[in-house]
Each structure stands twice: as C-alpha cells, then as structure tokens.
Amino acid sequence: MTSQNLARTIEQAREAALEELRGLTGEEGLEEWRVRYLGRRGRLTAALRSLGTLAQEERRVVGAQANQAKALLEESLAQARRRVRESRIAGLAQEERIDVTRPGRPVAMGRFHPLTRILREICDAFESMGFQVVEGPEVEWDRYNFEMLNIPRDHPARDMWNTLWIDQEDDEGRQSMLLRTHTSPMQARTMERVKPPVRVIVPGKCYRYEATDATHEWHFYQVEGLAVDEGITLANLKGTLYEFARRLFGAERKVRFRCDYFPFVEPGVEMAIDCFACEGAGCRICREAGWIEILGAGMVHPKVLEGVGYDPAVHTGFAFGMGPERIAMLKYGIEDIRLFYSNDLRFLRQF
Ligand code: PHE
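Residues in the sequence shown are numbered from 756 upward in steps of one, following our numbering.
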C-alpha cells in the first residue's frame, strides 16, 4: 500500500468512526464501536499495522497521523461513555426521585362505633355507683330466658318477646334453646352463682323475630342492671336511675316513673326523662309528649328470688333493662336504628 492510500484509509476510518459515535446512546453500542475501530482487528488498528510496509520517512509522517487519529478516537470514546452514563443516571433520578419535602400520606385513624361509645358511657355511669360489668351467653336456654324469670311455658306473657328458636328439643320434645330476647337471663345466672349483695350491669346482644324498620332491629343491644341486698327499696331504684339519667342526659334532667308490666318484677315501672331537646315543651324528638321513655325496671319478683334460692323475706332488689341503640339515637339525634348496623362510613365517621 502506498503512503497516500494508507493516509486516506486512516482519514476515512477516523471520519467514519466519529460520525458513528455521535449516534450511539447505549453502553453496549459504544463497546461494539470500540472493537470495530480500536480493537485488535479494528479498522484503525489494521491501518497502524500496515505502517510497517512503508519507507521509514513516510512511516514517520503517516505514523504520526495514525497515532493522532487513535488518540482522538480514544478520547472521543471516553467522552461518549461519560455522556451515556450521565444521561442514564439522570433518567434514574427522574424515575426514583424521593422528594423529602412532600407531605406524608395521612394514616387512616380508627374510631369507636357509636354503640361502643354509648355502651361504655352507660357502664361507666353504673360502675361509678358500685356495679360490676358481667356478660352472658347469647344462645340461651328457655329456662334462663323465660322460666326462671317467672314466665312459664305456654304463658301468654311470652308473646312480649318474639323469639328466635334453635332446633334443639328437650326430653319432652319441646324446643328448649333460643337466641336470648333480652339480657334478663343474666339476672338468674348471676344470682345462682353468688350470694347477696349483688350489683351487676350486663351489656350484651339480644335477638328477636321481628321485621326491621326505623325503630326496630332483629338484633340489638340491651344493658341489664340488677341490685339485690337486704333492705333494697323502690327508692334505691329511683335514686340510682335518676343519677344515671343525669349523667347521660344532663344534670338538669327530670325523671318520671309510671307503672308497667314485666313478669319478673313487682311492681314494674317504665322510666322517662323530660325531653332534653325542648325541656318538656314538646318537639319532634319527644313526639310532642315532653317526655321520653328510656327504660323498663322494677323490684325483682319474689318468685325470681326464690327460684335462685334467695329468701325474699330477707333480700330484695331492683332490676332494669334499657336499649343502648335507643339511648344513642336520642343522644346523638340518629333517626334510623338500622344505621348502626349498615356500616356506612359516612355515618360512622361522624362519631
Ligand atoms: N327485659 C325487659 C325487656 O326486654 C326489660 C326489663 C329488664 C324490665 C329488667 C324490667 C327489669 O323488655
């Protein structure tokens, strides 16, 4: 090869190499390019090798040109590598950037269900008056739900509680197991276990075979109370429940007791409070009555005391039962009992 030809070959290889290099964006492409031009069998390397065939004088001139070309390509390669690496890092930073100044994501805060709140409030009020909280089974025997509460089999008083029965028959082929219709079975269960004095408060779920509407649920809570001791009178009942009404509905509340019937108390009463919304003048909440009934109560029936082995000549007591859903509806102004159990967050988040 003549020195002129070789010089041109070097020149062309250099131009082609630089031209190609400008279009490369990936590290792999750069490596291929290096092998193609500067590698052992690369275009420029081949040209350098041919220098040996030239006369000494020509070799010096063309050799210098070749070395310059080689240095230029190496330097351009190093630059291209830097360029590719930097743009890769910039891309990563774009994708994975952490902005430490951004506000955090809010953590969802839980809250108590309105019924949990009211149950706690009711229990707290009685606990502060010396009552102890106990709980009992929701699947109950006829015996505790009715018989020991002075409601015999086939007695019409059973119609007061529309009962959900469990398929379970006793020796006489009668249904004997049910979902408790009230928390009163815990009266007998408690007295069976302990001697007087008794002071218990029983929150718990109850069930009735009933159609639902704005004021009726087929499952609901009750809170039962029972106090038995020597010399307990209706005055103790009134004083205790008056204190409770003031704790829940305000210190200025008045209470009203009227006769009512429950087979397991004698006498039986219903307690009302004067309407806290209109102060007794009559409004939508009290249905123009000025009074709101909030619970049933009475003196424990002697037959119930006898049934658990107490002597009614020595021990007397009072019992009461209330519906916390109703209390919560009054207190928080809730118009439909079904809201408690429909799990609508728009409702629940208000508490
Ligand atoms: N258990 C009664 C009911 O469900 C309420 C009650 C309890 C009444 C205790 C008097 C005494 O209606």
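In this text, a Cβ means the ideal position worked out from N, Cα and C, and glycines have one as well.
Item                                                                                                                                                : Value
By a C-beta neighbour count over all protein chains shown, 10 Å radius and 16 as the cutoff for buried, is Tyr962 buried or exposed?                : buried
Does the beta-carbon of Ile853 have 16 or more other beta-carbons within 10 angstroms, so that it is buried, or is it exposed?                      : exposed
Taking the alpha-carbon of Val978 as reference, which of Ala833, Glu1080, Ser805, Trp788 has the nearest alpha-carbon?                              : Glu1080
What are the boundary residues of the beta strand (DSSP E) that includes Ile956?                                                                    : 953–962
Counting only the same chain and skipping the five closest in sequence on each side, list residues whose C-beta sits under 6 Å from that of Leu803. : Ala821
Relative to the ligand PHE, is the shortest distance from any of its heavy atoms to the C-beta of Phe901 smaller than 7 Å?                          : no
In terms of alpha-carbon separation, which member of Met915, Gly846, Leu919, Arg944 lies closest to Gly891?                                         : Arg944
Give the list of continuous alpha helix (DSSP H) stretches no shorter than 4 residues that lie fully inside the region 869–922.                     : 869–882, 897–900
Bridge partners for Ile1047 per DSSP, in chain order?                                                                                               : Ile1028
State the Cα-Cα distance for the pair Ala1083 and Ala1027, rounded to the nearest angstrom.                                                         : 15 Å
From this set, Ala810, Glu782, Gln767, which residue's C-alpha is nearest Arg798's C-alpha?                                                         : Gln767
Taking only three categories from DSSP, how would you classify Gly1088?                                                                             : coil
Could you give the C-beta distance for Leu989 and Val953, rounded to a whole number, given that I count them as a contact under 8 Å?                : About 17 Å separates the two Cβ atoms, so there is no contact after all.
Are the CB atoms of Val1020 and Ala1074 nearer to each other than 8 Å?                                                                              : yes
With distances taken Cα to Cα, identify the nearest neighbour of Thr764 among Glu965, Ala810, Gly818, Glu812.                                       : Gly818
Report yes if the CB atom of Asn900 is closer than 8 Å to the CB atom of His1056, and no otherwise.                                                 : no
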